[in-house]
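*Asks:* Same order as they appear, the protein sequences are chains A and B. If you number the first sequence the way this note's numbering does, the last residue is 329 and the count never jumps. If you number the second sequence the way this note's numbering does, the last residue is 329 and the count never jumps. Yeah, the Cβ is synthetic: ideal placement off N, Cα and C, and Gly gets one too. Here it is, the structure in full.
2 protein chains.
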Amino acid sequence: MARLSASTARSARGKPAANGAGTKRTRRERVADKEDAIVAAAYDIILAKGLARTTIAEIARRAGVAEGTVYLYFENKDALGQAVLAAFYARLTARAAAGVKKHAGVRAKLRFLARHHLESIMRESAILEMIAITDRNSEAYEGSALYRMNKDYVAVFDAVFRDGVLAGDIAKDKPLWIMRDVFFGGLEYAMRTIMVRGRKKNVDDAVAGIVDLIIPASAPAAAENDLARLTGRLETVAMKLESVAANKRAVRS
Amino acid sequence: MARLSASTARSARGKPAANGAGTKRTRRERVADKEDAIVAAAYDIILAKGLARTTIAEIARRAGVAEGTVYLYFENKDALGQAVLAAFYARLTARAAAGVKKHAGVRAKLRFLARHHLESIMRESAILEMIAITDRNSEAYEGSALYRMNKDYVAVFDAVFRDGVLAGDIAKDKPLWIMRDVFFGGLEYAMRTIMVRGRKKNVDDAVAGIVDLIIPASAPAAAENDLARLTGRLETVAMKLESVAANKRAVRS
DNA sequence: TTTCGAAATGAATGATATTCATTATTTCTG
DNA sequence: CAGAAATAATGAATATCATTCATTTCGAAA
Chain A
77 MARLSASTAR
87 SARGKPAANG
97 AGTKRTRRER
107 VADKEDAIVA
117 AAYDIILAKG
127 LARTTIAEIA
137 RRAGVAEGTV
147 YLYFENKDAL
157 GQAVLAAFYA
167 RLTARAAAGV
177 KKHAGVRAKL
187 RFLARHHLES
197 IMRESAILEM
207 IAITDRNSEA
217 YEGSALYRMN
227 KDYVAVFDAV
237 FRDGVLAGDI
247 AKDKPLWIMR
257 DVFFGGLEYA
267 MRTIMVRGRK
277 KNVDDAVAGI
287 VDLIIPASAP
297 AAAENDLARL
307 TGRLETVAMK
317 LESVAANKRA
327 VRS
Chain B
77 MARLSASTAR
87 SARGKPAANG
97 AGTKRTRRER
107 VADKEDAIVA
117 AAYDIILAKG
127 LARTTIAEIA
137 RRAGVAEGTV
147 YLYFENKDAL
157 GQAVLAAFYA
167 RLTARAAAGV
177 KKHAGVRAKL
187 RFLARHHLES
197 IMRESAILEM
207 IAITDRNSEA
217 YEGSALYRMN
227 KDYVAVFDAV
237 FRDGVLAGDI
247 AKDKPLWIMR
257 DVFFGGLEYA
267 MRTIMVRGRK
277 KNVDDAVAGI
287 VDLIIPASAP
297 AAAENDLARL
307 TGRLETVAMK
317 LESVAANKRA
327 VRS
């Protein structure tokens, strides 16, 4: 993926990309390494300061190249940001796919996905911001690299969701696209709320709450739960009433 | 609100803000008008091109002032962006509050809020982007202007939600904060999806789908609903009894 | 070793945000 | 009302970057 963006950038500047034809391997490898070094440097700095406050000069310094060299690999600052975003998505997707395999049952898979997503965006919220920034320029969003990356990522969720529908765990009348947007959008907003309040328990609550919207915690269970609470409450009130009545009697005598 | 940011910016630069004490009205008004003109100019241009591609020079030209004058009213470009965001939120909140009054029933109110939110952010998505940008700098997000504006806005949703819970239309076990984040977050993500696909019907579907997550449409929830109402009723009675009992005890002692 | 294209360099350029010394306008005072 | 003081406004100068490009270095093939 990183490869792609580099060759794209280079060929866009008019220089033919060195294809496998005659060139040797090592040369290309060295080029690839340098590109990775630039993306890695950019990743670290952007994560720490956000894209706006990150300068090309600083990235170049950290990557051990001259400023101009960055522009040999990336068309401009935004393209470099895209590459960083691509790296983020690549890891995110890989971890999501791997984690889903490790969990059994639709609910457990969704919970894993929710927690993984929430924790990832909390940890790397500065990277996430670039999505909005990039979004903008792309009236032709579809077909863009960002679009494809995101599509690959949410495909992990989609697969779990479809399995859930087939297995009967998820109601058939819930449209996938809406549930998907609620899932990821809800988690993103929950992140903001959680970062203002404390973290710990709130992450658990958000994960549970959002997953439960997709797979309702078995309705009968909820009803029972309510019933149990109602019963308990009734007992308490009854005891109080009884003691009040007892007091009255005591006072009167 | 706009007033606030101006005086803040000015006093931040060391010049004392002219307070109501001795100064006449007209002067302050003229200042206020100029500030509004700058915000309005910025609003239009940012809406059309996004903050990054909007220059102070262009804003100043459109507002009919010199570049330097902009800095008399706003600390820097970001602060001006904040003011634009504040104007956006102010209208958004006003329309939301007014619309909620016009609709009867929790479901209708929520549907109105959802559609209004979705259409607003679709129309002014360039403004929305600034939220993320601004978000960043604010480790001290709480207490920030953005935080307050957002709080005021979602308060409209919160009130409807609480009414819904009291009326028994919304299950008590759904935490408000999570439902709120799912509502707004889901709508924001839905916007992206809708802007890639076609619009028309998708807006309706998103609105209906997301509202239904908060107030389940299914009639079969009648039993649960009944139980919820019963629970609510008992709670009310219990509280009354308890306060009566408490009073008696207080009077007696 | 020489040669040539690919890579890399970093000083120069251009676009903007931001500052500040100067000028204009308004209000106040006697 | 004239002049002084306080406020506002101006726009040229400065600072900070992104981006370009003429020049240099490197690597491998002859």
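Quick check on the burial criterion: 16 or more other C-beta atoms within 10 angstroms. Buried or exposed for residue 126 of chain B?
*Replies:* Under this definition residue 126 of chain B is a buried residue.
*Asks:* For the putative contact between residue 117 of chain B and residue 139 of chain B, defined by C-beta atoms under 8 Å, what is the C-beta separation to the nearest angstrom?
*Replies:* Indeed, because the Cβ distance is near 4 Å, the residues count as touching under 8 Å.
*Asks:* Rounding to the nearest angstrom, what Cα-Cα distance links residue 255 of chain A and residue 170 of chain A in this structure?
*Replies:* Whole-angstrom Cα-Cα distance: 22 Å.
*Asks:* Taking only the alpha-carbon atoms, compute the straight-line gap between residue 145 of chain B and residue 280 of chain A and give it to the nearest angstrom.
*Replies:* Near 50 Å, if we compare the C-alpha coordinates of residue 280 of chain A and residue 145 of chain B.
*Asks:* First and last residue of the alpha helix (DSSP H) that includes residue 200 of chain B?
*Replies:* Per DSSP, residue 200 of chain B belongs to no alpha helix (DSSP H) and is neither H nor E.
*Asks:* Kindly indicate the opening and closing residues of the alpha helix (DSSP H) around residue 270 of chain B.
*Replies:* Note, residue 270 of chain B: alpha helix (DSSP H), 252-272.
*Asks:* State yes or no: is the beta carbon of residue 98 of chain A nearer than 9 Å to at least one beta carbon in chain B?
*Replies:* Bear in mind that the predicted position of residue 98 of chain A carries a pLDDT of just 36, short of 50, making it unreliable; the figure below should be weighed with that in mind. Judged by the 9 Å Cβ criterion, residue 98 of chain A is not in contact with chain B.
*Asks:* What residue range is occupied by the uninterrupted alpha helix (DSSP H) comprising residue 330 of chain B?
*Replies:* Shown here, chain B extends from 77 to 329; a query on residue 330 of chain B therefore has no answer.
*Asks:* Cutting at 6 Å between CB atoms, please list the residues of its own chain near residue 197 of chain A, excluding the five before and the five after it.
*Replies:* Closer than 6 Å at Cβ, skipping near neighbours: 204, 267.
*Asks:* Should residue 244 of chain B be flagged as near chain A, meaning a C-beta pair shorter than 9 Å?
*Replies:* For residue 244 of chain B, the answer is no, since every Cβ of chain A falls outside 9 Å of its Cβ.
*Asks:* Compare the C-beta of residue 134 of chain A with all C-beta atoms of chain B and state if any pair is closer than 9 Å.
*Replies:* Residue 134 of chain A does not count as touching chain B.
*Asks:* Using DSSP with H/G/I as helix, E/B as strand and the rest coil, what is residue 278 of chain B?
*Replies:* Helix, per DSSP.
*Asks:* Taking a contact to mean a Cβ-Cβ separation below 9 Å, would you say residue 161 of chain A touches residue 222 of chain A in this structure?
*Replies:* Yes, these two residues count as a Cβ contact at 9 Å.
*Asks:* Using a Cβ-Cβ distance cut-off of 9 Å, determine whether residue 195 of chain A contacts chain B.
*Replies:* So no, residue 195 of chain A is outside the interface.
*Asks:* Residues in its own chain within less than 8 Å of residue 200 of chain B by CB, not counting five upstream and five downstream?
*Replies:* Excluding sequence neighbours, residue 200 of chain B sits near 123, 164.
*Asks:* With a threshold of 16 other CB atoms inside 10 Å of the CB of residue 272 of chain B, please say whether the residue is buried or exposed.
*Replies:* With fewer than 16 other Cβ atoms within 10 Å, it is exposed.
*Asks:* Buried or exposed: which applies to residue 109 of chain A, given that a residue is buried once 16 or more other Cβ atoms fall within 10 Å of its Cβ?
*Replies:* Burial call: exposed.
*Asks:* Could you pull out every residue in the same chain whose Cβ sits closer than 7 Å to the Cβ of residue 269 of chain A, ignoring the five residues on either side in sequence?
*Replies:* Cβ within range, chain order: n/a, list empty.
*Asks:* If you check the beta carbons only, do residue 260 of chain B and residue 186 of chain B fall under 9 Å apart?
*Replies:* No, Cβ-Cβ distance for residue 260 of chain B and residue 186 of chain B is not below 9 Å.
*Asks:* So is residue 260 of chain B in contact with chain A if we call contact Cβ pairs under 9 Å?
*Replies:* It does: the Cβ of residue 260 of chain B has a partner Cβ on chain A nearer than 9 Å.
*Asks:* Does any C-beta atom of chain B lie closer than 9 Å to the C-beta of residue 130 of chain A?
*Replies:* No, because no Cβ of chain B sits closer than 9 Å to the Cβ of residue 130 of chain A.
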